[in-house]
Amino acid sequence: MIKKKRIGSLHYRVLVLAAMLICLTALLVPAASPQSTCCNKCLDRFFQCDGTTIVCCKIYNSCVTQCAGGCPLCPDAE
1278 MIKKKRIGSL
1288 HYRVLVLAAM
1298 LICLTALLVP
1308 AASPQSTCCN
1318 KCLDRFFQCD
1328 GTTIVCCKIY
1338 NSCVTQCAGG
1348 CPLCPDAE
């Protein structure tokens, strides 16, 4: 009888741990997704730019300021 209680308790703990992991993952994924989408949009604008590197970087940098941050520097800034 004690073994059944321990096994039942263990199953319950595993289920709770799995639920917590799923919740944490769900909270973290949406937070990162819009930011990377914003950065990708700015990169697409940069690669479609027909102007000089300086002009394209200015357009890219002004686009990046609207993102949440964490975007890479202008690709041709070096």
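Start counting the sequence shown at 1278; every next residue gets the next number (the working numbering). Glycine included, every Cβ here is placed at the ideal spot set by N, Cα and C. Predicted model only: the values in this text are computed from it and were never measured.
> Is the beta carbon of R1322 less than 8 Å from the beta carbon of I1336?
Replying inline: Locating residue 1322 in the sequence shown gives position 45, where the first residue counts as 1. Locating residue 1336 in the sequence shown gives position 59, where the first residue counts as 1. Yes, these two residues count as a Cβ contact at 8 Å.
> Tell me which same chain residues have a C-beta within less than 8 Å of the C-beta of N1338, skipping the five on either side of it?
Replying inline: Stepping through the sequence shown from its first residue, residue 1338 is reached at position 61. The answer, listed in chain order, is C1351.
>> So for G1285, helix, strand or coil by DSSP?
In response: In the sequence shown, residue 1285 corresponds to position 8, counting from 1. Helix at G1285.
> Within this structure, are the beta carbons of C1356 and C1326 separated by less than 8 Å?
Replying inline: The requested residue 1356 is not part of the displayed model; the chain covers only 1278 to 1355.
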